[in-house]
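Reading through the structure tokens given below for one structure.
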Amino acid sequence: DGGITQSPKYLFRKEGQNVTLSCEQNLNHDAMYWYRQDPGQGLRLIYYSQIVNDFQKGDIAEGYSVSREKKESFPLTVTSAQKNPTAFYLCASSIDPSREAFFGQGTRLTVV
Amino acid sequence: RKEVEQDPGPFNVPEGATVAFNCTYSNSASQSFFWYRQDCRKEPKLLMSVYSSGNEDGRFTAQLNRASQYISLLIRDSKLSDSATYLCVVNSNDYKLSFGAGTTVTVRA
Chain A
1 DGGITQSPKY LFRKEGQNVT LSCEQNLNHD AMYWYRQDPG QGLRLIYYSQ
51 IVNDFQKGDI AEGYSVSREK KESFPLTVTS AQKNPTAFYL CASSIDPSRE
101 AFFGQGTRLT VV
Chain B
113 RKEVEQDPGP FNVPEGATVA FNCTYSNSAS QSFFWYRQDC RKEPKLLMSV
163 YSSGNEDGRF TAQLNRASQY ISLLIRDSKL SDSATYLCVV NSNDYKLSFG
213 AGTTVTVRA
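Protein chains in written order, with the working numbering: chain A, 1 to 112; chain B, 113 to 221.
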């Protein structure tokens, strides 16, 4: 089945620890995105990538890093510099940035 | 001003009722418009794209008003399974989809 796979579904992070969230797609989409969703709020863009080996900061990039070494993969690292990382993280892809995006099932990150 | 604004609701309606709500957007150059559905603690899923002429998909009708910069969603003959949060999404520039915070709809038996 074609789609977007995020892992893990749940992740617990200790204070001061970096963690990496995985996102893989087999839709042959060029554009990939990372969003963060907090309770009762809309999705906010962290990073996006329109093509392999290129990515751009979104609205809330501080404390996060990404890479795009392969078309299929767009991992997100939540660094210790992100002071309030507890949130629902959603990865998405689209055939091009003007078209609809399709989402993975999300990773729920909690700081313990 | 937020790029995309929605009435958060909740809209609480009986089964079989019609419910409609709007979303306004601030960037007059926006070109693409979508409605997504999000169930509790799940990922958003595309409900429908919104075209200039308006479009219908079964019980769902979407309209776009460029002059007033809003889009609307109407749900006819509501089902219990329509209970969800509906997200308005606007392509505000070449790379970015902007999401509203969502409108919550609850359909009661």
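Note that the Cβ used here is the ideal one computed from N, Cα and C, for glycine as well.
Checklist entry - Can you tell me whether DSSP reads Asp30(A) as helix, strand or coil? => result coil
Item to check | Pick from Thr79(A), Cys91(A), Thr110(A), Gly58(A) that is closest to Glu24(A), judged by C-alpha positions | outcome: Cys91(A)
Next on the checklist: Restricting to Cα atoms, I'd like to know which of Ile51(A), Gly40(A), Ser80(A) is closest to Tyr33(A).
Outcome noted: Ile51(A)
Next on the checklist: According to DSSP, simplified to helix, strand and coil, what is Asp54(A)?
Outcome noted: strand
Next on the checklist: Taking contact to mean 3 or more Cβ pairs, one atom from each stretch, closer than 8 Å, check whether the region 135-148 of chain B and the region 45-59 of chain A are in contact.
Outcome noted: no
Checklist entry - For the putative contact between Gly104(A) and Thr5(A), defined by C-beta atoms under 8 Å, what is the C-beta separation to the nearest angstrom? => result 6 Å
Item to check | Thr107(A) - containing beta strand (DSSP E), residue span | outcome: 107-111
Checklist entry - DSSP state of Asp194(B), grouped into three classes? => result helix
Checklist entry - So, using beta-carbon positions, are Phe123(B) and Thr197(B) closer together than 8 Å? => result no
Item to check | Continuous beta strand (DSSP E) assignments of at least 3 residues falling wholly in the region 128-204 of chain B | outcome: 131-137, 144-150, 157-162, 167-169, 172-177, 182-187, 196-203
Item to check | Per-residue DSSP class, three states only, for Tyr207(B) | outcome: coil
Checklist entry - Quick one: complete beta strand (DSSP E) runs, 3+ long, within the region 69-97 of chain A? => result 76-78, 87-94
Next on the checklist: Measuring straight from C-alpha to C-alpha, what distance separates Asn28(A) and Ser67(A)?
Outcome noted: 17 Å
Checklist entry - Are the Cβ atoms of Val202(B) and Tyr148(B) separated by less than 8 Å? => result no
Item to check | Residue from Lys154(B), Glu127(B), Ala129(B) whose Cα sits closest to the Cα of Ala87(A) | outcome: Lys154(B)
Item to check | beta strand (DSSP E) segment containing Arg220(B), residue limits | outcome: 215-220
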